[in-house]
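Following my numbering, the numbering of the sequence shown begins with -13 at its first residue and continues without gaps. We treat Cβ as the ideally placed atom computed from N, Cα and C, and that holds for glycine. Bear in mind that the values here come from a model prediction, so they are computed numbers and not experimental data. As structure tokens, the structure follows; a few thoughts come after it.
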Amino acid sequence: MAKNLALLVSRINIFNNIALAISKISIGFVAHSNALLNDGINNAGDVVSSVIAMIGISAASKDSDDQHPYGHERLECVAAILLSGIIMVVGLGLLVDGIAGIIRKSYLDQQMPGYLAVVAAVASIIIKEIMFLYTRSAAKKTDSSALLASAWDSQSDVLATTGGLVGIIAARMGYPIADSIAAIIIAIFIFRVGIEIFKDGVFKMVDQACPEEIVKQINQVILDQEGVEGVDVLRTRKFGSRAYVDVEISADGSQSLVDAHSIAERVHHAIETSFPQVKHCMVHVNPKRK
């Protein structure tokens, strides 16, 4: 179910970004707006990003096999890192082009952006904000790092296009350099989002612990199980969008092995049931120290 939702959202994002890229690049040329043109190129990059995210989500959901006994969840992090690379390259390229344009003063030869550029920018802001809210909601439901990266990419587009809109309006008021400055601002936003997505993907690749609040909740669930007299060790580690839990519990040392095993099974079942993001929980039982 989670995989199907994530893939559906990715397909919707691909369709929307294709439509936005074609419309904004076309209008950018017709309405003489470098800011809108850069924004359209950014949306074209978003199409590639959404495709990578979709591939990563699909690959990460594959079942374990002999070669990958722990599953494929980290492939989603790989997809997010690849996505960040594309975003940073696009942002850096547009930034260099924008700065070079100001140095050459090419904006002096640029015609005033047309009113259609304003309309396109406003429409893009509305559409991208809806995409952000929808994609972020789906990312939370599926706990997908690739989908969350795609959501924040859309939110960055909203901020970037807003800056572009201000530049277009200022250029129409007689300040032609404003459109070029707006194009540079958009490029900076794009590059910054790429860095944030890269950091998130890397953190999830290096066995980072789950958030402290989640760890506290897991600890309480363990203590609530019948027969558990204490938690000696509790370790968590993220594995892509999932997590592993290793726990050592204290129990009455005079009980039988069968009874101790039953306690461990209760803890194991309670954790994996209460926390769907937990891929596997390993439980070790220690005799309670007197």
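Please look up how many angstroms separate the CB atoms of residue i and residue j, rounded, as I've assumed it's under 8 Å.
i, j, result
"Val253", "Thr222", "Contact flag wrong, Cβ pair sits at about 14 Å."
"Ile4", "Gly26", "In fact, because the Cβ distance is near 11 Å, the residues do not count as touching under 8 Å."
"Val264", "Ile235", "Val264 to Ile235, Cβ: 16 Å. No contact."
"Ser19", "Ala103", "4 Å"
"Asn(-1)", "Met117", "6 Å"
"Ser142", "Ile176", "7 Å"
"Leu69", "Ile38", "5 Å"
"Ile167", "Gly180", "Contact doesn't hold; Cβ gap of about 21 Å is too wide."
"Ala66", "Ala30", "Their Cβ separation, rounded to whole angstroms, is 19 Å, which puts Ala66 and Ala30 out of contact at 8 Å."
"Val231", "Ile249", "Wrong, their Cβ atoms sit about 16 Å apart, outside the cutoff."
"Ala17", "Ala124", "Rounded, the Cβ-Cβ distance is 34 Å, inconsistent with contact."
What are the partner residues of residue i, as DSSP defines its beta bridges?
i, result
"Ala237", "Pro273"
"His266", "Tyr230"
"Val219", "Glu234"
"Lys224", "Ala229"
Within this structure, are the beta carbons of residue i and residue j separated by less than 8 Å?
i, j, result
"Lys274", "Asp245", "no"
"Ala86", "Leu22", "no"
"Ile208", "Val219", "no"
"Pro99", "Ala157", "yes"
"Ile288", "Asn2", "Nothing in the structure corresponds to residue 288, since the chain is present only between -13 and 276."
"Cys267", "Lys224", "no"
"Gln211", "Ala256", "yes"
"Ile111", "Thr147", "yes"
"Asn24", "Leu78", "no"
"Gln188", "Val233", "Reading the sequence as shown, one finds Val at residue 188 and not Gln. No, they are not a contact pair."
"Ile174", "Ile73", "no"
Buried or exposed for residue i, going by 16 or more other Cβ atoms inside 10 Å?
i, result
"Gln97", "exposed"
"Thr121", "buried"
"Gln126", "A small fix is needed here, since residue 126 is Lys in this sequence, not Gln. With fewer than 16 other Cβ atoms within 10 Å, it is exposed."
"Val144", "buried"
"Asp32", "buried"
"Asp139", "buried"
"Asn205", "exposed"
"Gly150", "buried"
"Val108", "exposed"
"Arg(-3)", "exposed"
"Gly160", "exposed"
"Thr259", "exposed"
"Leu133", "buried"
"Val82", "exposed"
"Lys91", "exposed"
"Ser130", "buried"
"Lys114", "buried"
"Pro162", "buried"
* Asked: Taking only runs of the alpha helix (DSSP H) that begin and end inside the segment 101 to 149, which ones reach a length of at least 4 residues, in chain order?
  -> 101 to 128
* Asked: Hey, which unbroken runs of the alpha helix (DSSP H) at 4 residues or more fall wholly within the segment 147 to 202?
  -> 163 to 189
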